[in-house]
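Below: one structure, written as structure tokens.
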Ligand code: IMP
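In our numbering, the protein residues as written are 8 to 508.
In structure tokens:
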């Protein structure tokens, strides 16, 4: 048995999640296991996620369709579960790409219970983010927060409504009523600008007095319903039956534990629960059904997009401010920091060099991702929810790095903070992060420094052949977080992977 087979021995339900703020190379790992799976299902997030897929030598960024769609086998079923924030416009765009490239999607199923992202969700998201008084999160602008608000406010519309004209129209009007009142209190110029955004089809849903042209929305979305009809199904029922039939199911997570609305660095999180339990619920099964959960950790650096504390950020506040500026793109960084080195003594420039080396620019928004050193207190927090089996990815990015810092613990520098029965005072050492934004922003990282391996590791295929310094670093991470490293990813390709027994 090779490492792949050993890992999957006796496994029928496998979940792939992320233990950080997303963007840890999940796409490659899901693709790796899609070959094994009969069913690949997504259960969280929406078009805020982005994975890069290569078709016939060309790169495409997909947001909604599960990563297993590219496997040519006619037997593989891809599922968009009920927990996904489903934007039909984006799904149809992605299906059109597949069609153009001659890829079949006959076996794609969309949950009839998934909540629908509608134009008003994009508008509410964008108008809120442009209002400084409500506290910016730095969202992707894909309507995710407002969609989940409607879900819990019991005024959401679901995929199945696309098939029933009268129900759709009635629910839509009810859903819009409160939002129109609210938008009438907002700056009309901002509302109009947002309504004319290309993601809102350049203004086709805009009505100058009523904000929304209800008939235009009904017409467009019912036509989406017609296009998607064959794929809409009771996927929860289907998955439960498949569980009983002992089929191999791969659950594909989105975002990461630290962005979970329940367990992440609230309020700077997304609005779904990105933990393995949220993922299981989002496809309609119990977490107990999962035989193996693998939590991805980018190493030995990590990234965050948008606002929120990032204790190990390389370049600190300067980096955060720079990455939040409009107009900062990969090209600008490439042109302005020619010859930048990951060993630069200037931390701000070092951060840019790491970002360029890891190509850390948002797949959904193109925004530069903030970069920092690997943070073990946050990892210790994440594995409480996602379990002890981890995968380290992007190990090759720091091949050239001379000194690698790992944050082993924090020193708290804020005011006295009461965390239940525990009192945290300035100077206290924190080993496992308290993800609350009020605490995290006063956590000063205490680093351990390691010498880099200074060697290209992408060609290496076994643990034994890895440089000693890299192995020591892995062993230190594993021992100090009580985790088992099961896989190392040493390059973007499928075969640039090392399984650890
Ligand atoms: P939203 O999910 O668009 O509401 O954004 C909320 C926060 O989650 C923002 O800080 C986003 O940058 C972050 N976020 C959402 N999706 C992703 C992702 O796929 N990768 C990284 N960050 C994400």
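Yeah, the Cβ is synthetic: ideal placement off N, Cα and C, and Gly gets one too.
With a cut-off of 8 Å, the C-beta of residue 242 is classified as distant from ligand 1, since no heavy atom of the ligand falls inside that distance.
The residues 125, 127, 157, 162, 163, 164, in chain order, have a CB closer than 8 Å to that of residue 182 in the same chain once the five nearest residues on each side in sequence are set aside.
With a cut-off of 8 Å, the C-beta of residue 266 is classified as near ligand 1, since at least one heavy atom of the ligand falls inside that distance. With respect to the 9 Å criterion, residue 347 and residue 24 are not classified as neighbours on the basis of their beta carbons. Counting only the Cα atoms, residue 111 lies some 44 Å from residue 195. Straight across, the Cα-Cα distance linking residue 272 with residue 488 is about 19 Å.
Secondary structure of residue 59 (DSSP, three-state): strand. Judged by the Cβ position, residue 151 qualifies as a neighbour of ligand 1 at the 8 Å threshold, a heavy atom of the ligand being closer than this. In terms of CA proximity to residue 258, 49 leads the group 10, 49, 18. In this structure, ligand 1 has a non-hydrogen atom nearer than 8 Å to the beta-carbon of residue 28. Per DSSP, reduced to three states, the secondary structure at residue 228 is helical.
Residues of the same chain with a CB within less than 7 Å of the CB of residue 379, apart from the 5 flanking positions on each side, are 308, 309, 317, 319, 320, 321 in chain order. Unbroken alpha helix (DSSP H) stretches of 4 residues or longer found wholly inside the region 106–146: 126–136, given in chain order.
For residue 365, the secondary structure class from DSSP, reduced to helix, strand or coil, is helix. Under the 10 Å beta carbon count, residue 8 is surrounded by fewer than 16 other beta carbons and is classified as exposed.
Residue 311 has its Cβ nearer than 8 Å to a heavy atom of ligand 1.
In terms of CA proximity to residue 277, 145 leads the group 104, 145, 245, 373. Distances taken from the Cβ of residue 113 to the heavy atoms of ligand 1 include none shorter than 8 Å. Per DSSP, residue 248 is one residue of the alpha helix (DSSP H) stretching across 242–251. Listed as beta-bridge partners of residue 68 by DSSP are 59. At a threshold of 8 Å, residue 308 does not count as near ligand 1, since its beta carbon sits no closer than that to any of the ligand's heavy atoms. The closest heavy atom of ligand 1 lies 8 Å or more from the beta carbon of residue 76. The beta carbon of residue 132 sits closer than 8 Å to at least one heavy atom of ligand 1. When DSSP states are grouped into helix, strand and coil, residue 168 belongs to the helix group. With respect to residue 90, residue 301 sits apart: the two C-beta atoms are not nearer than 9 Å. Taking 8 Å as the cut-off, one finds no heavy atom of ligand 1 near enough to the beta carbon of residue 37. Every unbroken stretch of the beta strand (DSSP E) spanning 3 or more residues and falling wholly within the region 401–439 is given here in chain order: 410–419, 424–426, 429–431. In its chain, beyond the 5 residues on either side, 35, 38, 39 have a beta carbon closer than 8 Å to the beta carbon of residue 501.
Taken from the Cβ of residue 57, at least one heavy atom of ligand 1 lies inside 8 Å.
Counting of Cβ neighbours within 10 angstroms places residue 312 among the buried residues, the total reaching 16 or more. In the three-state reduction of the DSSP assignment, residue 155 falls in the helix class, which pools H, G and I. In terms of Cβ geometry, residue 190 and residue 134 form a close pair [threshold 9 Å]. Straight-line measurement puts the Cα of residue 209 at about 22 Å from the Cα of residue 169.
The beta strand (DSSP E) runs lying completely inside the region 440–479 and spanning 3 residues or more are 450–458, given in chain order. Boundaries of the beta strand (DSSP E) around residue 380: 377–382.
For the pair of segments examined, the region 107–123 was found not to touch the region 327–347: the number of CB pairs separated by less than 8 Å stays below three.
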